[in-house]
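Below is one structure, written out as structure tokens; comments come after it.
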Amino acid sequence: MKSIKLTFTLVIGLLLTGITSLSYAQTSEYEIDGKTFGMPEAEVFTEDYDGPPVVGDHLSMLPNLEPLDYKGNKTHEVRIDIIAQEIEVADGVKYEAWTFGGTVPGPVLHVREGDRITFTMKNRSDEAVTITQPTKEGSPFMQQVAQNNYMKAEEATMPMPHSMDFHAGTVAKDDKWRTIAPGQSIKFDWVANYAGSYIYHCGTPSVLMHTAMGQHGVVVVSPKDGYDTGYEVDKEYVIVQSEYYLKKGPGDLYQYDYEGAQNRNPSHVVFNGHQTILHDQPLKANAGDRVRFHVSNNGPSGTSSFHVIGGIFDRVWLEGHPFNEMRGMQTVLLGASSSATIDMIVPEEGKYILIDHEFADAEKGATGTLKAGPREK
Amino acid sequence: MKKLYLIVIFLFMAMSVSAQHNHNHSADNTLNTTEVNSEHSLYHLDAEWTDHRNETISLTDFKGAPVIVVMFYGNCTDVCPILIQDAWRLYSSVDESVQEEINVLAVSFDTENDTPEVLRKYAEYEQLDIPGWYFMTTDDADIRTLAMMLGVQYSKKSDGHFAHSNLVTVLDEKGRIAQRVEGLNQPMDDAKSTIESIMAKLNK
Amino acid sequence: MLCLTNMVGAQVLVPSGSFHSVMPEIKGEPVEVESFYLDSTAVTNQQYNEFLQDHENWKPENVPSIFAYKGYLKNWENTNADDIVNPNQPVTSVSWYAANAYCQSAGGRLPTLNEWEYSAQLMDFESTADAKEFANRLMSWYSTFDNENMGAVGSTGIENRYGVKDQFGLIMEWVEDFKPVVADDLSLDCGTVGRMQKLGNAYSYAASIRYITRMSFSPKSTNSTVGFRCAYNVETMENKKSNL
């Protein structure tokens, strides 16, 4: 009898020891309030990668949001490479942009609160990379760009150091948001601890210049328990406002206007990277629809007084967090890097104008159209 | 019975403590070292060095066994002696039989002051004018190239002193970077194991 | 080898002096630079090809990968002596190690960061308005680059008062210590540019972009916009001249 008890205790003891040492031997991750912190150190390396610059199942082109077709949390494998591209931002205005993934703003990443993202990024600014070849690998983003190349993106090279700063990630900036030289790659994990729409942008100085040159985008982190509204949303769109500081260059292309940037005097203020895109390709809905907008003001320097002409915002979650619910707002003030998730009931058939009600911005292009058809139900 | 419980609990605690990952964040050091490639041999650097014995040597002379490399300068009175001491600590921690095979290269970035003669005096002062230890110099461009390959940063200041990173590197028998120990007074256990395992592999 | 009578390849004396650096050793104090000789133009494709004929170990197919990334001389079709495309354009896509080896073979070295920056700011302008306009052009130039139409050396029309050409407007250039240790204190955060520049001075703003870009390189980097020129110690040049 005694020897069995002895053996049993020994076995349990050793098992416990084994399990504990295993859990301690992992990274120094820890949890507070259900949020995960203490990510492992980033890896900086060189790789021979020359595949699609945007890889991942939940990456899409603005204004699309890729649906979360899974329950609970998962780990996303995401790649967004940095490339230079010649793009059109307004009729007749083309310049060589610094981009994430080839468009300005970059691809929209959609994840759920609590998801982990294993992120890889190669600085391919010294490589001519084309984004308009549709590819089976890659992401929905790449397919959507190939079908709808509204920025008329063409390959370009402009080797510069760059970095990534995901506002949705909570990590040490000197490790994960490190600057990498052309040809280098960085890889790290981060966890989307909080719900909301978060800007991502290049953090290499001059950040004003890198962001103004096009390196910014949005991650939409959907709350794990939704927004608790009691209704279904009919349409969901992502809108990003940003500024360009461009002046005519010696040839056909435009160039960075340093003085304009210093003086907060943009040449263009746009939605989704292009002055007329949301008029050329209006958003669609029907009367009676509940439309959800994920709106982000990526700056680099301006504020946005976001309003939809003809509508009132039924519910607004500031920064997209379910806790920050406001009701019945006419205009939402968004500072640089601020966002909001906005639900609006489309009143009747007709045209609605999305606008930055700071008219100096609107007249530089910060407007778009929502075309509403008749009530369906 | 009680004794057994105590043993188990002790085991449990000992394992959890030892398995804790010692996370040395490179961000803590003010003078960082830079990213290096450990797949290729530093012996591609084809330069002629003069050591403190006034002999001409080449890096390929040290092929075939691990090498400890440290960069310093003679007039450095506060930090470099510690760095040299660290290299000595690593050198003397390995078995005597291993010590006989390995070499230590102490390279000065102060070409103006640290001539072979000055290096000899330095070696004697540090009591390191011993077989296997080489205090060496060459021209600026080659010293800078070695530093680039090792990931050592250094910069001459207007007062003649140098701001520099602190690094002890272990090269394997082919001259590839096998271990780097950044900072001063750092534990050398990992570096010691690396040297010993390279030697063990070679002696098979 | 060096041919002092040839325009491309001529070296000029940059006399000693001091300047206000955006990254001074001691804040507020000018940086002193001693006299040195500097190539009046960046090293060209032609010159670099001659170097490769004498140093086959630096040809792309032979160079060990510890000395350069894969993009080394990526825009060169071949390394035949007679068949160089764009012979008078500055050579680019060369790593620091390659540039360093070239300058060593030419009896010189890479200029130090302070030497290069000192020489670059020794320009004369007709008026402060001209100087300001030049600085603004610099910012635009750092934002965009016409790889297809890179000019030949000497073509920018930008020259310092001693005849050193194209330190702006053509390529970024390697220097001996492109990652100055004093830069370690800068955590390269968004405030970096503000701390480096003198208020409202577009030249120092552009300089900070240049420093930050240059500091991010690895010695193996082979960027298509980075080339180099060589510097020479005064004694070496005087000896050479007296031996002619």
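For the protein sequence lines, the chains are C, A and W, in the order given. The opening residue of the first sequence carries number 0 in numbering that gives the first Met the number 0; numbering runs sequentially from there. The opening residue of the second sequence carries number 0 in numbering that gives the first Met the number 0; numbering runs sequentially from there. The opening residue of the third sequence carries number 0 in numbering that gives the first Met the number 0; numbering runs sequentially from there. The beta-carbon is built from N, C-alpha and C at its ideal position, and this holds for glycine as well.
Our two residues, LYS186 (chain C) and GLU123 (chain A), have alpha carbons roughly 47 angstroms apart in a direct line.
Going by DSSP, GLN146 (chain C) is part of the alpha helix (DSSP H) stretching over 139-146.
The C-alpha of TYR42 (chain A) is placed about 26 angstroms away from the C-alpha of TYR121 (chain A).
Taking one beta carbon from each stretch, the segment 92-101 of chain C and the segment 33-49 of chain W have fewer than 3 pairs nearer than 8 angstroms; the two do not touch.
The DSSP assignment places 358-361 as complete runs of the alpha helix (DSSP H) inside the segment 335-373 of chain C, in order along the chain (cut-off: 4 residues). In summary, PHE44 (chain C) is exposed, with fewer than 16 beta-carbon neighbours lying within 10 Å of its beta-carbon over all protein chains present. Taking 8 angstroms as the upper bound for CB-CB distance, GLY319 (chain C) and ALA335 (chain C) are not in contact here, some 16 angstroms apart. Assigned with DSSP and collapsed to three states, SER92 (chain W) falls in coil, not helix or strand. Here the C-alpha atom of MET187 (chain A) lies approximately 41 angstroms from the C-alpha atom of VAL32 (chain W). Contact of GLN103 (chain W) with chain A by beta-carbon distance below 7 angstroms involves ALA140. Between VAL269 (chain C) and GLY301 (chain C), the C-beta gap is not smaller than 8 angstroms, which leaves the two residues out of contact.
Taking 7 angstroms as the cut-off between beta carbons, the residues of the segment 58-75 of chain W near chain A are PRO63, SER64, ILE65 and PHE66, in sequence order. Assignment of ILE82 (chain C) by DSSP, reduced to helix, strand and coil, places it in the strand class. At a cut-off of 8 angstroms between beta carbons, GLN152 (chain A) contacts chain W. LEU252 (chain C) sits in coil when the DSSP states are folded into three classes, being neither helix nor strand. Going by beta carbons, LEU72 (chain W) and PRO86 (chain W) fall outside the 8 angstroms limit. Rounded to the nearest whole angstrom, the C-alpha separation of TYR36 (chain W) and ASP141 (chain A) is 20 angstroms. Taking all protein chains in view, the Cβ of LYS164 (chain W) is crowded by 16 or more other Cβ atoms within 10 Å, so the residue is classified as buried. Under DSSP, THR35 (chain C) shares a beta bridge with C:GLU30. For SER304 (chain C), the uninterrupted beta strand (DSSP E) segment begins and ends at 303-308. A straight-line Cα-Cα distance of about 49 angstroms links GLN103 (chain W) and GLY91 (chain C).
When C:ALA152, C:MET328, C:ALA180 and C:VAL103 are compared, the shortest CA-CA separation from ASP342 (chain C) is found for C:MET328. With a cutoff of 8 angstroms on beta-carbon distance, ILE238 (chain C) and PRO106 (chain C) are scored as not near each other. Using a CB distance cut-off of 8 angstroms, LYS178 (chain W) counts as an interface residue toward chain A.
Per DSSP, ASN285 (chain C) lies in no alpha helix (DSSP H); the unbroken beta strand (DSSP E) holding it starts and ends at 282-285. In the three-state scheme derived from DSSP, where H, G and I count as helix and E and B as strand, ILE67 (chain A) is classed as strand. ALA180 (chain C) belongs to the set of residues whose beta carbon lies under 8 angstroms from a beta carbon in chain W.
ASP145 (chain W) is bridged by DSSP to nothing; it lacks a bridge partner.
The C-alpha of TYR202 (chain W) lies about 47 angstroms from the C-alpha of VAL66 (chain A). Any Cβ of chain W closer than 8 angstroms to the Cβ of GLY248 (chain C) would place that residue at the interface, and such an atom is present. For TYR199 (chain C), the uninterrupted beta strand (DSSP E) run begins and ends at 195-200, by DSSP. Around the CB of ALA180 (chain C), 16 or more other CB atoms lie within 10 Å, so the residue is classed as buried. Using a CB distance below 8 angstroms, the part of the segment 156-178 of chain C facing chain W consists of THR156, MET157, PRO158, MET159, PRO160, LYS172, ASP173 and THR178, ordered along the chain. The segment 283-292 of chain C and the segment 242-258 of chain C do not touch, with fewer than three beta-carbon pairs separated by less than 8 angstroms. Taking a beta-carbon distance threshold of 8 angstroms, ARG143 (chain A) counts as an interface residue toward chain W. Secondary structure of ASP50 (chain A) (DSSP, three-state): strand.
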